Amino acid sequence: MNVQVCVERSCTIFSDAELYYGHGTDNAWDEAVYLVFTVLGLPFGDDADSRQMIEQRQVSDEEWQRIKALACRRRDERTPMAYLLGEAWFAGLPFHVDERVLVPRSPIAELILQQYQPLLSEPPARVLDLCTGSGCIGIATALAFPQAQVDLADISGDALAVALQNIIRHGLQDRVNTLCSDLFAGVQGPYDLIVSNPPYVSAEEVADLPPEYQREPSLGLLSDEDGLAIPLQILRQAARHLSPGGVLVLELGYTWTLLDQRYPQFPVTWLDFDSGGEGVLAITRDALIRADG
Ligand SMILES: C[S@@+](CC[C@H](N)C(=O)[O-])C[C@H]1O[C@@H](n2cnc3c(N)ncnc32)[C@H](O)[C@@H]1O
Numbered sequence: 001m002n003v004q005v006c007v008e009r010s011c012t013i014f015s016d017a018e019l020y021y022g023h024g025t026d027n028a029w030d031e032a033v034y035l036v037f038t039v040l041g042l043p044f045g046d047d048a049d050s051r052q053m054i055e056q057r058q059v060s061d062e063e064w065q066r067i068k069a070l071a072c073r074r075r076d077e078r079t080p081m082a083y084l085l086g087e088a089w090f091a092g093l094p095f096h097v098d099e100r101v102l103v104p105r106s107p108i109a110e111l112i113l114q115q116y117q118p119l120l121s122e123p124p125a126r127v128l129d130l131c132t133g134s135g136c137i138g139i140a141t142a143l144a145f146p147q148a149q150v151d152l153a154d155i156s157g158d159a160l161a162v163a164l165q166n167i168i169r170h171g172l173q174d175r176v177n178t179l180c181s182d183l184f185a186g187v188q189g190p191y192d193l194i195v196s197n198p199p200y201v202s203a204e205e206v207a208d209l210p211p212e213y214q215r216e217p218s219l220g221l222l223s224d225e226d227g228l229a230i231p232l233q234i235l236r237q238a239a240r241h242l243s244p245g246g247v248l249v250l251e252l253g254y255t256w257t258l259l260d261q262r263y264p265q266f267p268v269t270w271l272d273f274d275s276g277g278e279g280v281l282a283i284t285r286d287a288l289i290r291a292d293g
């Protein structure tokens, strides 16, 4: 069997079921490519060498049986593919993931690839990734700014164990640290950049999410006050942990409209993304202080 046939058969397994895509892919074909290429160790690139490698690769019966078993688990258990494969991609980088952390999918990836332009006037010396989960945002940011010291903070020891695994995977032990902290309680600022994709989903909304999301740790999703409680705490406390000229980048997803309606005193900038996604704000330390006063 060749790779094309293998992807087609996997795609058929997915298409015949009612799956929800929202953890790195948005359709059955891409999900099948993600599965087959990861199991076979094939490159995702579109260059001539990658194409030749893919065209020439033959898939053994044993390999197909492994792929088929994973495809059937994806269909029957509704487990996100990233958990089955133990790997997710974020900002063009691979990360270990399992059910201790959310599957990375933040639109902040695009901002990282643009080195947070035009939000930062110079490369940040110290960065905090608050609510870090797998560490994907902080680690990708550390790789975008080779001089930066980066702290990855989370309240979950389980999540921090995964983040540490990813720090080691990317060889960043000398300048990226994990911190167990309830929001800012255990961090030592000031930071030039605080970036956060915190929980921002209400309990009612979590209950309505497709089964794939129920596989993720609820600690990573749930936030009181219709989802706003944790983002609001971050907005109210961040200024104390930012350096002069420092910037907060905070994701609220679709909860952004509630913040806009209920708390218009925060003069935030909502960012646009070419590759989709919404509800990411940027605000400077000065603007946070003015809003608080
Ligand atoms: C939406 S997940 C984001 C993970 C990661 N930043 C990403 O983009 O994939 C939110 C994370 O916040 C953590 N968390 C929840 N409440 C927290 C708190 N009070 N203080 C620190 N971290 C918290 C969860 O453990 C989870 O890992």
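To convert, note that position 277 of the sequence shown is 277 in this note's numbering; the numbers rise steadily by one, no gaps.
For glycine and all other residues, C-beta sits at the position ideal for the given N, C-alpha and C.
Bear in mind that the values here come from a model prediction, so they are computed numbers and not experimental data.
To the nearest angstrom, how far is the alpha carbon of residue 2 from that of residue 191?
Cα atoms of residue 2 and residue 191: separation of roughly 51 Å, rounded to the nearest angstrom.
Collapsed DSSP secondary structure at residue 195 in the structure displayed
Looking at residue 195 - three-state DSSP - the assignment turns out to be strand.
Considering only C-alpha positions, which residue in the set 39, 154, 42, 61 is nearest to residue 134?
Across the set 39, 154, 42, 61, the C-alpha of 154 shows the shortest separation from the C-alpha of residue 134.
Taking the C-alpha atoms as reference points, what is the distance between residue 7 and residue 284?
Cα to Cα, the separation comes out at about 46 Å.
Are residue 141 and residue 193 close, meaning C-beta to C-beta below 9 Å?
Cβ distance < 9 Å, so residue 141 and residue 193 count as in contact.
Assign residue 211 to one of three DSSP states: helix, strand, or coil.
Three-state DSSP puts residue 211 in a helix.
Can you give me the C-alpha to C-alpha distance between residue 145 and residue 289, rounded to a whole angstrom?
About 27 Å.
Contacting residues, own chain, Cβ-Cβ under 6 Å from residue 17 (five flanking each side not counted)
Once the five neighbours on either side are set aside, the close Cβ partners of residue 17 are 75.
Collapsed DSSP secondary structure at residue 167 in the structure displayed
The DSSP-derived three-state label of residue 167 is helix.
Consider the C-beta atom of residue 153 and the heavy atoms of ligand 1; say whether any pair is separated by less than 8 Å.
Under cutoff, so the answer is yes.
Extent of the continuous beta strand (DSSP E) to which residue 175 belongs
Element bounds for residue 175: n/a, residue is neither H nor E.
Just checking my contact of residue 162 with residue 100 at CB under 8 Å: how many whole Å lie between their CB atoms?
Between residue 100 and residue 162 the Cβ distance is about 5 Å, and since that is below 8 Å, they are a contact.
Could you work out which residue in 215, 256, 33, 68 is closest to residue 98 when comparing CA atoms only?
Here the closest residue by C-alpha is 215.
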